[in-house]
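These protein sequence lines map, in sequence, to chains A and B. Start counting the first sequence at 560; every next residue gets the next number (the working numbering). Start counting the second sequence at 45; every next residue gets the next number (the working numbering). Where is the CB? At the ideal position from N, CA and C, for every residue including glycine. Owing to the predicted nature of the structure, the values given are computational and were not obtained by experimental measurement. The block underneath contains the structure these notes are about, expressed in structure tokens.
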Amino acid sequence: MTAISREDMAGGAPAAAAPGFVREAVRRHPTMVLGGAILLAAAFVALAAPYLGTVDPQALSPIRRLKPPSEQYWFGTDMLGRDLYSRTIYGTRVSLIVGFGVAFLSTAVGLAIGLVTGLNRVADAIVMRVMDGLMAIPSVLLAIALMALTRASLGNVVFAITVAEVPRVTRLVRGVVLTLRERPFVEAAVASGTGFFRLLSRHILPNTVAPVLVQGTYICASAMITEAILSFIGAGTPPNIPSWGNVMADGRSLFQVAPYLVIFPAIFLSLTVLAVNLVGDGLRDALDPRLARRM
Amino acid sequence: MIAYIIRRLIATVPVMGVVAIFVFSLLYIAPGDPAAVIAGDLATPQDIARIHAQLGLDEPFLARFGRWLWGVLHGDLGISIFTNLPVTRLIAQRLEPTAVLTIATMIVAIAVAIPIGVVAAWKAGSWIDRAVMGFAVLGFSLPAFVLAYLLILVFAVELGWLPVQGYVSFREGVVPFLRHLVLPSLTLGFIYAALIARITRASMLEVLSQDYIRTAQAKGLATRDVLIGHALKNAAVPIVTVIGIGVALLISGVIVTETVFAIPGLGRLTVDAILRRDYPIIQGVILLFSGVFVLVNLLVDISYTLLDPRVRY
Numbered sequence: 560m561t562a563i564s565r566e567d568m569a570g571g572a573p574a575a576a577a578p579g580f581v582r583e584a585v586r587r588h589p590t591m592v593l594g595g596a597i598l599l600a601a602a603f604v605a606l607a608a609p610y611l612g613t614v615d616p617q618a619l620s621p622i623r624r625l626k627p628p629s630e631q632y633w634f635g636t637d638m639l640g641r642d643l644y645s646r647t648i649y650g651t652r653v654s655l656i657v658g659f660g661v662a663f664l665s666t667a668v669g670l671a672i673g674l675v676t677g678l679n680r681v682a683d684a685i686v687m688r689v690m691d692g693l694m695a696i697p698s699v700l701l702a703i704a705l706m707a708l709t710r711a712s713l714g715n716v717v718f719a720i721t722v723a724e725v726p727r728v729t730r731l732v733r734g735v736v737l738t739l740r741e742r743p744f745v746e747a748a749v750a751s752g753t754g755f756f757r758l759l760s761r762h763i764l765p766n767t768v769a770p771v772l773v774q775g776t777y778i779c780a781s782a783m784i785t786e787a788i789l790s791f792i793g794a795g796t797p798p799n800i801p802s803w804g805n806v807m808a809d810g811r812s813l814f815q816v817a818p819y820l821v822i823f824p825a826i827f828l829s830l831t832v833l834a835v836n837l838v839g840d841g842l843r844d845a846l847d848p849r850l851a852r853r854m
Numbered sequence: 045m046i047a048y049i050i051r052r053l054i055a056t057v058p059v060m061g062v063v064a065i066f067v068f069s070l071l072y073i074a075p076g077d078p079a080a081v082i083a084g085d086l087a088t089p090q091d092i093a094r095i096h097a098q099l100g101l102d103e104p105f106l107a108r109f110g111r112w113l114w115g116v117l118h119g120d121l122g123i124s125i126f127t128n129l130p131v132t133r134l135i136a137q138r139l140e141p142t143a144v145l146t147i148a149t150m151i152v153a154i155a156v157a158i159p160i161g162v163v164a165a166w167k168a169g170s171w172i173d174r175a176v177m178g179f180a181v182l183g184f185s186l187p188a189f190v191l192a193y194l195l196i197l198v199f200a201v202e203l204g205w206l207p208v209q210g211y212v213s214f215r216e217g218v219v220p221f222l223r224h225l226v227l228p229s230l231t232l233g234f235i236y237a238a239l240i241a242r243i244t245r246a247s248m249l250e251v252l253s254q255d256y257i258r259t260a261q262a263k264g265l266a267t268r269d270v271l272i273g274h275a276l277k278n279a280a281v282p283i284v285t286v287i288g289i290g291v292a293l294l295i296s297g298v299i300v301t302e303t304v305f306a307i308p309g310l311g312r313l314t315v316d317a318i319l320r321r322d323y324p325i326i327q328g329v330i331l332l333f334s335g336v337f338v339l340v341n342l343l344v345d346i347s348y349t350l351l352d353p354r355v356r357y
């Protein structure tokens with residue numbers, strides 16, 4: 560648990576010496592600030608992984624198999640003698656890369672497709688049928704199917720989860736664009752002869768930012784969970800890269816004698832996903848006061 | 045009403061069509077030659093060519109897709125590469141545990157989530173409301189397998205109240221059947237219940253601010269009658285919608301839950317098929333799960349006409 564208290568300090572330090580606006584943010588959106596702090600800490604852990612008292616996460620050491628957590632091995636060692644603390648710390652990288660990678664790619668692609676379908680009836684009819692079909696396949700299942708086609712690699716995991724998430728972003732953006740089209744300010748812009756690209760960049764696109772940003776954070780959280788699921792069942796991140804999902808899968812068979820093999824990566828995964836969700840809820844409340852009251 | 049149902053039914057055809065094209069393409073672009081796998085290690089190139097011709101693997105994409113779809117529509121999902129058994133038979137063998145687990149979970153989750161969502165909205169801002177919202181955020185943040193291990197650690201390993209894993213059919217006794225079902229069902233239902241409770245609360249809050257609720261209260265109706273008779277009835281459409289959409293969570297969850305609890309259901313079949321790259325099984329499972337998902341949402345669409353008489357388009 561040493562690592563967690565260290566993380567908290569890393570995230571909490573700026574707030575202590577902060578000017579007034581940070582204190583104001585903490586007062587108004589405490590959960591969002593907490594989520595942001597945990598995320599910053601996770602990013603720090605991912606970047607500084609080699610300097611946080613870790614050893615090579617893949618180094619085998621049969622003589623030190625299944626040591627319980629101790630001063631020397633903070634989180635214990637697994638059945639191959641690998642240091643669990645190092646594996647968990649390095650696993651942060653995979654989750655953050657997949658979470659933010661998928662969030663960025665799927666919102667970018669979904670935004671582009673959604674804008675086109677929202678503004679063009681012919682494209683709309685065709686593309687949305689395809690999207691409806693893809694949405695009929697539960698996203699984890701879709702990602703699993705795509706992973707079955709390719710070999711296990713981090714890039715393929717990001718690609719597979721992105722494909723599964725794009726239809727939802729597309730549907731959201733299309734919905735926003737369809738409502739915007741009927742709004743007086745867009746009609747006025749069209750009537751006054753605004754060109755297509757100017758209409759898009761000045762009037763439509765800025766109004767899609769808020770909902771897409773909120774959706775993006777939720778996609779980030781769900782992508783982290785999906786990656787962990789894929790790796791857990793053996794269809795995700797390859798075994799030579801430690802990720803929280805495949806570390807837990809390794810410890811699965813020994814769970815009853817050495818529960819720490821599963822518990823530590825589980826805590827890290829849940830905390831990180833919780834942090835992203837808290838930031839998402841905070842963003843939603845801040846960007847859409849109408850929704851904030853309802854949800 | 046009938047016309048509406050028929051229209052909704054027809055609308056599912058293109059959706060399932062896209063699913064079918066996707067699922068078929070999966071096998072079409074899958075690496076490896078199924079003929080070589082079927083022929084075995086000692087096959088000559090002539091053998092493989094013969095099987096190619098037999099299975100029609102040399103025909104163009106559309107011809108193969110047409111023949112495959114014809115088979116699917118007649119209940120033929122192909123032959124498993126690994127076990128050489130018909131996929132429909134393998135699915136039928138694994139159907140019971142998954143169906144029992146998901147349906148039981150659905151019923152319990154809905155029965156728990158809607159009341160707590162209603163109470164949270166009624167007592168908005170109270171500690172009950174905060175607890176329900178906390179539960180909802182937690183539900184979205186705790187991955188199913190993390191929750192599964194926490195439950196196993198507490199209730200099976202430490203307290204020893206419930207079995208760690210496995211599945212017992214109800215034909216072998218109701219008590220062991222239920223004992224084996226509790227932890228997997230809790231695991232599977234947590235996020236689903238969180239989703240439903242959250243939407244119930246949001247939808248109820250919206251309705252409770254309406255004038256007719258105040259009227260109902262003013263004329264002296266009991267709180268329970270206002271909440272259930274007036275408010276919940278009008279808040280039902282989003283709740284039912286989310287019950288339908290959430291089935292996707294159950295399907296994803298069942299894959300993980302069955303893996304953790306060693307339940308021999310469709311989820312395990314899927315995982316085993318992925319690890320062995322047994323594409324016909326993967327195809328069959330995706331078709332089945334997507335079909336169920338589309339069907340549930342069709343039922344949800346139809347239920348709108350019962351819940352809201354204005355829906356008659």
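Thr721 of chain A sits away from Gly673 of chain A, with the two beta carbons spaced by 7 Å or more. Between Phe126 of chain B and Asp322 of chain B the beta-carbon gap is near 5 Å, inside 8 Å, which marks them as a contact.
Under the 7 Å criterion on CB atoms, Val816 of chain A is classed as non-interfacial with respect to chain B. Not one beta carbon of chain B lies nearer than 7 Å to the beta carbon of Asp637 of chain A. Residue contact with chain A for Tyr193 of chain B: present (Cβ-Cβ distance below 7 Å to some residue of chain A).
When DSSP assignments are scanned along the stretch 131–186 of chain B, the uninterrupted stretches of alpha helix (DSSP H) that are 4 or more residues long and fall wholly within it turn out to be 131–166, 171–185. The C-beta of Pro207 of chain B comes no closer than 7 Å to any C-beta of chain A. Residue contact check for Ala175 of chain B against chain A: no CB pair falls below 7 Å.
Not one beta carbon of chain A lies nearer than 7 Å to the beta carbon of Ile289 of chain B.
For Pro697 of chain A, the chain B residues whose C-beta falls within less than 7 Å of its own C-beta are Ala292, Ile295, Ser296, Phe333, Phe337, listed in chain order. Cβ-Cβ separation between Thr666 of chain A and Val771 of chain A: approximately 5 Å, consistent with a contact (criterion under 8 Å). Within chain A, no residue has its CB atom less than 7 Å from the CB of Thr285 of chain B, the nearest being about 14 Å off. Using a 10 angstroms sphere on the CB of Met45 of chain B, the tally of other CB atoms stays under 16, which defines it as exposed. In the three-state DSSP reduction, Asp642 of chain A falls in the strand class (E or B).
Neighbours of Leu828 of chain A in chain B, taken as residues whose beta carbon is under 8 Å from its own, are Pro187, Val190 in chain order. The C-beta separation of Leu313 of chain B from Arg133 of chain B comes to about 12 Å, leaving the pair out of contact by the 8 Å criterion. For Arg52 of chain B, the closest alpha carbon among the candidates B:Thr349, B:Leu186, B:Glu216 is that of B:Thr349.
A check of alpha carbon separations from Ile50 of chain B across B:Pro220, B:Asp352, B:Ile346 identifies B:Ile346 as the nearest.
Here Ala618 of chain A is exposed, its C-beta having fewer than 16 other C-beta atoms within 10 Å. In the displayed model, Thr636 of chain A falls within a strand according to three-state DSSP.
Within chain B, the residues whose beta carbon sits less than 9 Å from that of Val821 of chain A are Phe189, Val190, Tyr193, Leu197, listed in sequence order. In the three-state reduction of the DSSP assignment, Ile800 of chain A falls in the coil class, being assigned neither a helical nor a strand state. Taking all protein chains shown into account, Asp102 of chain B has fewer than 16 neighbouring C-beta atoms within 10 Å of its C-beta and is therefore exposed.
With a cut-off of 8 Å on Cβ pairs, the stretch 789–799 of chain A is not in contact with the stretch 194–201 of chain B, counting fewer than three such pairs.
Taken in chain order, no unbroken stretch of beta strand (DSSP E) lies wholly in the stretch 643–682 of chain A with a span of 3 residues or more. CA-CA distance, Ala55 of chain B to Phe68 of chain B, rounds to 21 Å. Ile784 of chain A has a beta carbon lying within less than 7 Å of a beta carbon in chain B.
Taking 8 Å as the upper bound for CB-CB distance, Ile696 of chain A and Ser334 of chain B are in contact here, some 5 Å apart. Taking 7 Å as the threshold, the shortest C-beta distance from Phe184 of chain B to chain A falls below it. At a cut-off of 7 Å between beta-carbon atoms, Val732 of chain A makes no contact with chain B.
Judged by DSSP in its simplified three-state form, Ile125 of chain B adopts coil rather than helix or strand. Bounds of any alpha helix (DSSP H) do not take in Leu813 of chain A, whose DSSP letter is neither H nor E. For the stretch 57–80 of chain B, the set of residues with a beta-carbon nearer than 9 Å to any beta-carbon of chain A comprises Pro58, Val59, Met60, Gly61, Val62, Val63, Ala64, Ile65, Phe66, Val67, Leu70, Ile73, Ala74, Pro75, in chain order. Look at the stretch 684–696 of chain A: the residues with a C-beta under 8 Å from a C-beta of chain B are Arg688, Val689, Asp691, Gly692, Leu693, Ala695, Ile696. Contact annotation for Arg321 of chain B against chain A: Ala707 [CB-CB distance below 7 Å, chain order]. Of the residues assessed, Ala596 of chain A falls on the buried side of the cut-off, its CB having 16 or more other CB atoms within 10 angstroms.
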